[in-house]
Amino acid sequence: LEANLIKNEHPRFNVILRDDKQFPFLKLSLGDEFPRASLVRRARLDSSVYVGPFLPAAGARRTLKLIQRHFRIPTCKEVFDGKRRPCLYFHLDQCLAPCAGRANPADYGRAVGEARLFLEGRHRDLESALRERMAQAAAAQEYEAAARARDTLRTVQALAVHQQIASVGLADQDYLAHHAEGSEAVLELFRVREGRVLGRREFMLQDIDFDGSAVYSAAILQYYADETPPAEVYVAESPADRALLERWLGQRRGGRVRLGVPRRGERRKLLEIVKSNAKLGFEAQFRAQHTHGVAVLGALAAGLELDEPPYRIECFDVSNLQGTDTVASLVVWEGGKPRKSDYRSFNIRRIDGPDDYASIAEAVTRRYRRRIEEDRGLPDLVLIDGGRGQLGAAVAALSRIGLPTIPVVAIAKREEEIFLEGRAQPLRLDRNSPVLQLIQRIRDEAHRFAIARHRARRSRRTLRSELVDLPGIGPVTARKLLREFGSLEGIRLAVPEELVRVAGRRAADALATHFGQTASPS
């Protein structure tokens, strides 16, 4: 219930399930007269067969092409009315063309059955069916059909080679294991069907106090909220409320689901393989990054002549359009990684015209004056996107508020030169230097963030100015309209009663007149 509510309501501060994007599934619409294969983002409890999710999505698209090529199941959205001309795929012998009335129901049903075996990973049954069809076609001297069955058989056998894990039975099973160190962990999931691993998922957990039973319980609830569970789910640690979870999984599946913690035997061996994969994923995600980050920060300190490696780096950039809607961005990196929760932006209001130097000075002053007033930590290094002029403006601003000791450097885009305080000549690093690449990544992130904030501010101003120019609409009413309808297009499409409710009769009449005059002729 919690997972579904989060996905539907999008709570502002949820950080786990706020995103409503889904990994794709392959759907075989068995409820249709002529089933077809398609790519969907959500599995539903209907008569269709869903296989997935596929990660990455490219795997689903490749599989969809294989189904069309080898089983000749259509993947289009044409209406199967028998009145259309067959498309190019029919002439390429990659579609049975039910939309054009060319499909024999018996042949089509057999193709759908084989496609289903392929999607469900039942390769033994599929290989037997293909061998039988190949022999029958050869005996009837239908050599093209026999060759097609042979090619499909070879494809299925080639795909099965990469899935040879020691069989632990023919039941559908999922395996979950983890590796945790400190406040970071990786949870690994293997999807096993008929003794073969058909897919795996990796979940990264950060800034947590790892409690195995609680983590496994939450992971099962969140993962299977959108996935149909298999008959058996095995985990490395028993989750909280195990019996309750089993009943919930059974309801999701429509049949009994066993939730177990294997202690010995083949299932335990496979769970150890899953745990080993989780450890490898942890090292690749956390330990390798940390080790590399520490080394680069040490080299950065040496290259910039700093007393110690800068753990916290704050970078400023400015974006404007001919001096209007100027925005300064601030991005923060700690330990060689971005800390997006500390990103900030500053609307520059005291500067007239395109003055990057004054804008940088205002942003730096406002940022660190407030840090001093709130008695909060200061960065080890301030990075400025710009040249010597921007560097001088930032250094002067820090001196005015009593912080002359914070190291400041600037990087100019054209030649990627690094300007240091008190150094006459800029520093030029090798283009392949990890130090320069780190500085560029931070600078580019500040630039991206500044542009995004500038565009948002300019868009709001443009929308409000167009509304405020209308009689009977002031800034307060404009804000109400935009908050309610989201955009000018939303306001234009709103019914008169909604406009009257939000803005009043006079404003609604003004909007109706305005949009009536600006509407394009039909």
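Residues in the sequence shown are numbered from 43 upward in steps of one, following the numbering used here.
Even glycine gets a Cβ: it sits at the ideal position worked out from N, Cα and C.
No experiment lies behind these values; they were computed from the predicted model shown.
{"Check": "Does L287 come out as helix, strand or coil in the three-state DSSP assignment?", "Outcome": "helix"}
{"Check": "Helix or strand or just coil, what does DSSP make of K321?", "Outcome": "helix"}
{"Check": "List in chain order: all unbroken beta strand (DSSP E) runs of 3+ residues lying wholly within the stretch 442-497.", "Outcome": "450-454 and 459-462"}
{"Check": "Mind checking whether R354 and V374 have CB atoms under 8 Å apart?", "Outcome": "yes"}
{"Check": "Please state whether DSSP places S71 in a helix, a strand or coil.", "Outcome": "coil"}
{"Check": "Just tell me which of A545, A454 and V406 has its CA closest to the CA of A438.", "Outcome": "V406"}
{"Check": "Is Q136 buried or exposed, if buried means 16 or more other CB atoms sit within 10 Å of its CB?", "Outcome": "buried"}
{"Check": "Can you check DSSP and say which residues form a bridge with L363?", "Outcome": "T366"}
{"Check": "Quick one: residues in its chain with C-beta nearer than 6 Å to the C-beta of I533, no 5 flanking neighbours on either side, listed in chain order?", "Outcome": "L523 and F527"}
{"Check": "Counting along the chain, where does the beta strand (DSSP E) carrying V303 start and finish?", "Outcome": "It is not in any beta strand (DSSP E) - V303 carries neither H nor E in the DSSP assignment."}
{"Check": "Can you tell me whether R114 is buried or exposed, with buried defined as 16 or more other CB within 10 angstroms of its CB?", "Outcome": "buried"}
{"Check": "Is the beta carbon of A436 closer than 8 Å to that of I402?", "Outcome": "yes"}
{"Check": "Candidates E223, G302, V544 and V338: which alpha carbon is nearest P281's?", "Outcome": "G302"}
{"Check": "Determine the DSSP secondary structure at S401, reduced to helix, strand or coil.", "Outcome": "helix"}
{"Check": "What is the residue span of the alpha helix (DSSP H) that R534 lies within?", "Outcome": "L530 to L535"}
{"Check": "Using a 10 Å radius around the Cβ and a threshold of 16 neighbouring Cβ atoms, would you call S170 buried or exposed?", "Outcome": "exposed"}
{"Check": "So F122 packs on P140, CB below 8 Å; how close in whole Å?", "Outcome": "5 Å"}
{"Check": "Return the first residue and the last residue of the beta strand (DSSP E) that R386 is part of.", "Outcome": "R386 to N389"}
{"Check": "Given 7 Å as the limit, tell me if S361 has its C-beta closer than that to any heavy atom belonging to the ligand HEM.", "Outcome": "The ligand HEM is not part of this structure, which contains no ligands at all."}
{"Check": "For R409, which of helix, strand or coil comes out of DSSP?", "Outcome": "helix"}
{"Check": "Distance check for L168 and Q205, CA to CA, integer angstroms please.", "Outcome": "Note that Q205 has pLDDT 46, beneath the 50 cutoff, so the model's placement of it is unreliable and the number below is only indicative. Looking at the two C-alpha atoms, the distance is approximately 15 Å."}
{"Check": "So, helix, strand or coil for K107, using DSSP?", "Outcome": "helix"}
{"Check": "Pick out whichever of E531, L509, P513 and I460 has its Cα sitting closest to the Cα of R521.", "Outcome": "L509"}
{"Check": "Using 8 Å as the Cβ pair cut-off and three pairs as the minimum, do the stretch 343-359 and the stretch 406-425 touch?", "Outcome": "yes"}
{"Check": "Here's the rule: buried if 16 or more other CB atoms are within 10 angstroms of the residue's CB, otherwise exposed. What is K69?", "Outcome": "buried"}
{"Check": "I'd like the ranges of any beta strand (DSSP E) spanning at least 3 consecutive residues and lying wholly in the stretch 218-250.", "Outcome": "226-235 and 238-247"}
{"Check": "Along the chain, where does the beta strand (DSSP E) containing S80 start, and where does it finish?", "Outcome": "A79 to V82"}
{"Check": "So who's on the other strand from P380, going by DSSP bridges?", "Outcome": "W375"}
{"Check": "Using only alpha-carbon positions, find the residue among L81, D74, L530 and F76 that is nearest to P66.", "Outcome": "L81"}
{"Check": "Report all residues from its chain with a CB closer than 8 Å to the CB of A552; omit the five preceding and five following residues, and keep chain order.", "Outcome": "L512, P513, G514 and I515"}
{"Check": "Should E230 and N319 be called a contact, given that it needs their Cβ atoms to be closer than 8 Å?", "Outcome": "yes"}
{"Check": "Suppose contacts are defined by Cβ-Cβ distances below 8 Å. Is V369 in contact with S387 by that definition?", "Outcome": "yes"}
{"Check": "Pair every Cβ in the stretch 272-281 with every Cβ in the stretch 253-261, then say whether three or more of these pairs are closer than 8 Å.", "Outcome": "yes"}
{"Check": "Measure the beta-carbon distance from V228 to F245 and round it to whole angstroms, keeping in mind my assumption that it falls under 8 Å.", "Outcome": "7 Å"}
{"Check": "With distance defined between alpha-carbon atoms, name the residue in V450, A191 and L420 nearest to E376.", "Outcome": "L420"}
{"Check": "Please list the terminal residues of the continuous alpha helix (DSSP H) segment that includes I426.", "Outcome": "Where I426 is concerned, there is no enclosing alpha helix (DSSP H), although the beta strand (DSSP E) it sits in stretches over L423 to D427."}
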